[in-house]
Amino acid sequence: MMMNKSFKADGFLLFDGGMGTMLQAVGLSMGELPESCNIKNPDMILNIHKAYIAAGADVITTNTFGANRHKLKDSGCSVDEVIRNGVRIAKEAAGDKLVAHDIGPIGQLMEPYGTLSFQDAYDTFKEQVIAGASAGADLILIETMSDIYEAKAAILAAKENSNLPVICTMTFQEDGRTLTGSDPMTMVNIISNLGVDALGVNCSLGPEDIIPLLARILEYSPVPVIVQPNAGLPTLIDGKTVFDIGPEIFGQYMADMAAMGAVILGGCCGTTPEHIKAIRKAISGLKPVRPEVKKVTAVSSATTTVVLGEEVKIIGERINPTGKKKLKEALINNDMDYLLREAVAQRDAGAHILDVNVGLPEIDEKAIMVKAVKELQSIVNLPLQLDSVRPEVVEAAARVCSGRPIINSVNGEVKIMEAIFPIAKKYGCLVVALTLDEKGIPEKAEDRLKIAGRIVRKAEEYGIDREAIIVDCLVLTASAQQKEVKETIKAVALIKEKLGLKTTLGVSNVSFGLPDRELLNRTFLAMALTAGLDAPILNPMAEAMVKTVKAYNVLWNIDREARDYIRSCSLSGDRPVVKEKEGSRDLKKIIIDGMKEEAAPMVRQLLTELDGMKIVDGYLIPALDIVGQKYESGEIFLPQLIQAAETVKKAFEAIKENMLQNAGEISRAYKGKIVIATVKGDIHDIGKNIVRILLENYGFEVYDLGRDVQIERVVEKVREEKAALVGLSALMTTTVKSMEETIKALRQHCPDCKVVVGGAVLNEDYARMIGADYYARDAREAVQIARKFYRCE
Amino acid sequence: MHIDRKEALRYMGYRGQKMDGSLQSLLDTCIDEVMDISKESFIYEIFDIERREEGLCLKGTTLILQGEDIRRHLSKAGKCAVMAVTLGLEADKRISFYSRTDLTKGLIFDACATAAAEALCDIVQEEIEAKAKVMGLKTTKRYSPGYGDFSIDIQKEIARVLKTYEKIGLAVNECSIMIPRKSVTAVIGMQTEGCSTKSHECGSCKDKDCMFRKDGNDDE
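Protein chains in written order, with this note's numbering: chain A, 71 to 863; chain B, 1289 to 1508.
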């Protein structure tokens, strides 16, 4: 690759400076697309390139920063023609210099914040990459990224659709993080492992503020580091944006950064050919420095990096349906809220990483895994461990994961390694290596070590560093294979000693089939930790286990002065004591007062004498009616209505739980199916969530498709469930259009279903105009419509 | 930035109902939490207005403000400030989480964040007023896309002109919805004459049934 040739040379690689700044100086209006100049005014662009080459740049960057289908949508120019012309102009100026195809952010926020999906982002970048590569660019510069997820989509698009070298830079804010919260180390851990040829920082603040960020990047980056700062901070003088750092000082800063270890240098906003010339001059006597890089086993979410080996890290095991009835049910029903609550509870209990396993024969594991990963990373900032035996599930999950995950797992079987390692390499994942093979789990620690060694060698064949391998020496149960329990402990120690690898263990297997499992589990955990276990997989809700880890951290001199230990002990002492329930409290009153926590215990008590349906009809519905009347008369306001509704929900759940034990009975509780969604393009969902909870309260079986829901998805679900009623929500005039289209599609494909609509900008007439059957002014009215529709009253 | 408790309550449709202690304290918790996690940022620019047939063109930009109402609002203004503010993504993240796990809190948090965004607008407006004063000008109240016939579609163009995504991380999607959600764009006229403050007060709105309407009964 050309780039590598340049890197190996003893010189630096000098990029050009700002393009936008130069264009604004020659009169580009605010809001005008700078990329349109590639077609309207190519000479102007050519001259800017030439000026940078004259100033000493080795690489010039095409004027294609915003040339993506989203930004060009209303411009009348196509992505292909803008990029093709951009590359052509740059090549004309370049001579023997390199041309970097510039790709900036799409300018839309990605899911889960915005409505741009990972796939859409990928397709957008793919179109750009293909245009740039076919026009003859020498390399791809993905720059000024502020969302690591978007950067990942761009890198994948670049690598899957061209053979060009890829450089990626991100921009950081005052708090040292990108817009979506990535810190420099996290960025390096994710991006370098996606296989970029160089990475670094650009734009951000002034050069002075970049220095600490750069230092952090240099500490960990295994690939060459690029830095392209702004010419200081912009100030408005006489209506013109002026940057406060002139060429000479800028050059000095850049020389300092070169001395730190940056090898690719250039400028961003506000920099001019003069700035580039100044860099060239300032570094003329310097030689590139390659700083010592720390090799770590680090797993990342988009915003947090967890390093294994420093102190004990807990991998939460609870997102796994094996033996968990409620989770199983939630997965079958596509109920992600349950999963999220489990995740948050584990985080709060002290988990550092979450294992995610959704393998159930009765579900589409791949689809649910992708959904679970997306949902989890939108709510919980912990790194994930993707746990599946199916390579296609692992790959789909690794692709949409916004961080650097762990894959759980490979073992010594060649076939499995050959299926998983290419995925791990491509997406930069860490991998759990089980010390077993075709012949099963070896009895002796030495044989487990041999398998681990084989796995590492095979990984290295795929270009995967040994730091990416986390060995699981496998725990056997003391009740069945007592004499082998200590072999596991020995194996942990051996693997640490001989291979220097990080280790993990699913601790709680050890006690299976014996009484007082917790005692065995925590004793075994303490033994394994002492042998060098880095990341136990356990249930963080089991307090004794988490406490054992904390105690170990004190005894092993990791938790200095026992600070963390003392703090956690004092915290657990503060825990509020749950008050004794008054037996005489009435369930209706509990609901009306919205005492959420008291509902389930009261229902359970009632269930000893009453049938679940009797509780629904005799307590829940009458209480809800009272609450509804109070709301309508203005005696209570919305949060109070919702509090009561949430209380009913808790009561309902307790009843359902009871019914689950008597299968078949549950369907009797439902009054009818309703599919609800916030329409495509719209992301407002509080109103829809309120409707959902009230409908559920009244016993409807609600399928909530979420927000920004594609039209086809609504149609598909209505068909699948044969739902007779659909509720659609839209909050903006602009998204009522999607609502209308959704209704049209429903009419065509599901002519029998009726549609009720709601949302701030709608009214009766408007609703009729877009073809809805019913208009609900608020959530209460939606319930009344549903009850009438299903003849509940 | 200070979140006005009354304003937050108004966004929840509050009309002086009796609240128990736990609801009160939940409200206080939400106010504190919103203050804590918000990453307030804003940007504004001041432009000369050029009146053309197609609308009010802002000089040196591609922005054309269209609609009867904005034309009336800026009828005496020679310049205007175009502003954008946002609380950042964390507020969205929390609202989405709470509205799925604790809807009551989600609802209250959402209202507090809305009040916070408005409070941030007030701060920016003050800064713009101060700038205007230096220029010897008075300002109108702020007028946002979505008021009257001032279409929210203009938000895409405002974002482009102010470079809101690059500068404050504010994007506008295909449906003209701003993300992060707790964001506001607005236009403030700058003129030599003082202006009536009544033109777009809450009470002058045509939607008499709006649950957020201020009607003087919103005492706690």
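No residue lacks a Cβ here, since even glycine has one placed at the ideal position from N, Cα and C.
Once you ignore the five residues that flank Ser106 of chain A on each side, which residues in its own chain have a CB closer than 8 Å to its CB? Around Ser106 of chain A, the same chain offers Ser145, Cys147, Val152 as residues with beta carbons nearer than 8 Å, after the five sequence neighbours per side are excluded.
Distance check for Ile210 of chain A and Ala203 of chain A, CA to CA, integer angstroms please. The straight-line gap from Cα to Cα measures roughly 8 Å.
Over what stretch of residues does the beta strand (DSSP E) that includes Met809 of chain A continue unbroken? Segment 803-819 is the alpha helix (DSSP H) holding Met809 of chain A; no beta strand (DSSP E) there.
Suppose the cutoff is 8 Å on Cβ atoms and the five residues either side in sequence are ignored; what does the same chain contact list for Pro646 of chain A look like? The pLDDT assigned to Pro646 of chain A is 46, lower than 50, so where the model puts this residue is not dependable; a value taken from the coordinates is nonetheless given after this. Nothing meets the Cβ criterion.
Give every residue of the same chain whose Cβ lies closer than 7 Å to the Cβ of Ala466 of chain A, excluding the five residues on either side of it in the sequence, and list them in chain order. Taken in chain order, the residues that qualify are Lys436, Met439, Val440.
Taking only beta carbons into account, state which residues of the segment 1463-1485 of chain B come closer than 9 Å to chain A, listed in chain order. When CB distances to chain A are screened at a threshold of 9 Å, the residues of the segment 1463-1485 of chain B falling below it are Cys1463, Ser1464, Ile1465, Ile1467, Pro1468, Arg1469, in chain order.
Would you mind working out which of A:Glu723, A:Arg630, A:Leu680 sits nearest Ala670 of chain A, comparing C-alpha positions? Closest by alpha carbon: A:Glu723.
Apart from the five residues just before and just after Cys499 of chain A, which ones in its own chain have a Cβ nearer than 6 Å to its Cβ? For Cys499 of chain A, the CB contacts under 6 Å within the same chain, skipping 5 residues up- and downstream, are Ala468, Pro475, Ile477 in chain order.
Contacts of Met802 of chain A in chain B (Cβ-Cβ under 9 Å): In chain order: Gly1434, Ile1440, Cys1463, Ser1464, Ile1465.
Give the secondary structure of Arg1339 of chain B by DSSP, where H, G and I count as helix, E and B as strand, and everything else as coil. The answer is strand: DSSP assigns Arg1339 of chain B an E or B state.
For Asn138 of chain A, decide whether its Cβ has a neighbour in chain B, counting only Cβ atoms nearer than 7 Å. No, because no Cβ of chain B sits closer than 7 Å to the Cβ of Asn138 of chain A.
Helix, strand or coil: how does DSSP classify Lys310 of chain A here? Looking at Lys310 of chain A - three-state DSSP - the assignment turns out to be strand.
By the criterion of Cβ-Cβ separation under 9 Å, what are the contact partners of Glu705 of chain A in chain B? Residues of chain B with a Cβ closer than 9 Å to the Cβ of Glu705 of chain A are, in chain order, Gln1305, Lys1306.
Look up Ile353 of chain A in the DSSP assignment and say whether it is helix, strand or coil. Secondary structure of Ile353 of chain A (DSSP, three-state): coil.
Rounded separation between Ala529 of chain A and Pro182 of chain A - CA only: Taking the straight line joining both Cα atoms gives about 33 Å.
Output, in chain order, the set of chain A residues within a Cβ distance shorter than 7 Å of Leu1377 of chain B. Correct list: Tyr183, Thr250.
Cβ of Val129 of chain A less than 7 Å from any chain B Cβ? So no, Val129 of chain A is outside the interface.
Hey, could you find the ends of the alpha helix (DSSP H) Thr573 of chain A is sitting in? Per DSSP, Thr573 of chain A belongs to no alpha helix (DSSP H); it is in the beta strand (DSSP E), 572-576.
Short check: CB of Val157 of chain A to CB of Thr132 of chain A, under 7 Å? Against a cut-off of 7 Å, the Cβ pair of Thr132 of chain A and Val157 of chain A comes out as a contact.
Measuring straight from C-alpha to C-alpha, what distance separates Thr185 of chain A and Asp778 of chain A? Cα-Cα distance, rounded: 7 Å.
Report yes or no: do the segment 1464-1473 of chain B and the segment 1367-1379 of chain B share at least 3 C-beta pairs separated by less than 8 Å? Below 8 Å, enough C-beta pairs join the segment 1464-1473 of chain B and the segment 1367-1379 of chain B to call them touching: three or more.
For the beta strand (DSSP E) holding Pro299 of chain A, just list the boundary residues, first then last. Per DSSP, the unbroken beta strand (DSSP E) holding Pro299 of chain A starts and ends at 295-299.
Of the residues that make up the segment 1388-1405 of chain B, which ones have a beta carbon closer than 7 Å to any beta carbon in chain A? Taking 7 Å as the cut-off between beta carbons, the residues of the segment 1388-1405 of chain B near chain A are Arg1388, Thr1389, Leu1391, Thr1392, Gly1394, Leu1395, Ile1396, Asp1398, in sequence order.
List the residues of chain B that Ile280 of chain A touches, going by C-beta distances under 8 Å, in chain order. One finds nothing in chain B with a Cβ atom closer than 8 Å to the Cβ of Ile280 of chain A; even the nearest lies about 17 Å away.
With 7 Å set as the bound, which would you pick, yes or no: does the beta-carbon of Phe1330 of chain B sit closer than that to a beta-carbon of chain A? By this cut-off, Phe1330 of chain B is not an interface position.
By DSSP, does Arg777 of chain A sit in helix, in strand, or in coil? Taken through DSSP and simplified to helix, strand or coil, Arg777 of chain A comes out as coil.
Apart from the five residues on each side of it in sequence, which residues of its chain come closer than 7 Å, Cβ to Cβ, to Ala1403 of chain B? Excluding sequence positions up to five before and after Ala1403 of chain B, its CB lies within less than 7 Å of the CB of Ile1291, Asp1292, Glu1295, Ala1296, Tyr1299, all in the same chain and listed in chain order.
Kindly indicate which residue of A:Val686, A:Leu694, A:Pro692 has the alpha-carbon position closest to the one of Met729 of chain A. Cα-wise, what sits closest to Met729 of chain A is A:Val686.
Is the shortest distance between the beta-carbon of Asn759 of chain A and the beta-carbons of chain B less than 7 Å? Yes, its Cβ sits closer than 7 Å to a Cβ of chain B.
Is there at least one Cβ from chain A nearer than 7 Å to Thr1317 of chain B's Cβ? Between Thr1317 of chain B and chain A, the shortest Cβ-Cβ separation is not below 7 Å.
Cross-chain neighbours of Ile449 of chain A in chain B, by beta carbon under 7 Å: Ordered by position in chain B, the residues that pass the 7 Å Cβ test against Ile449 of chain A are Phe1385.
Between Cys1345 of chain B and Arg1339 of chain B, what straight-line distance do the alpha-carbon atoms span, to the nearest angstrom? Taking the straight line joining both Cα atoms gives about 6 Å.
Option in A:Glu705, A:Leu335, A:Ala221 with minimal Cα separation from Val236 of chain A: Here the closest residue by C-alpha is A:Ala221.
Inter-residue CB distance, Gly1376 of chain B and Lys1451 of chain B (contact presumed, cutoff 8 Å): Contact between Gly1376 of chain B and Lys1451 of chain B does not hold, since their C-beta atoms are separated by about 17 Å, which reaches or exceeds 8 Å.
In angstroms, rounded to a whole number, what distance separates the CA positions of Ile341 of chain A and Val450 of chain A? Ile is not the amino acid found at residue 341 of chain A; the sequence shown has Thr there. Going by the C-alpha atoms only, they are around 39 Å apart.
CB-CB under 6 Å to Cys862 of chain A, same chain, minus the five flanking residues each way: which ones, in chain order? Cβ within range, chain order: Lys741.
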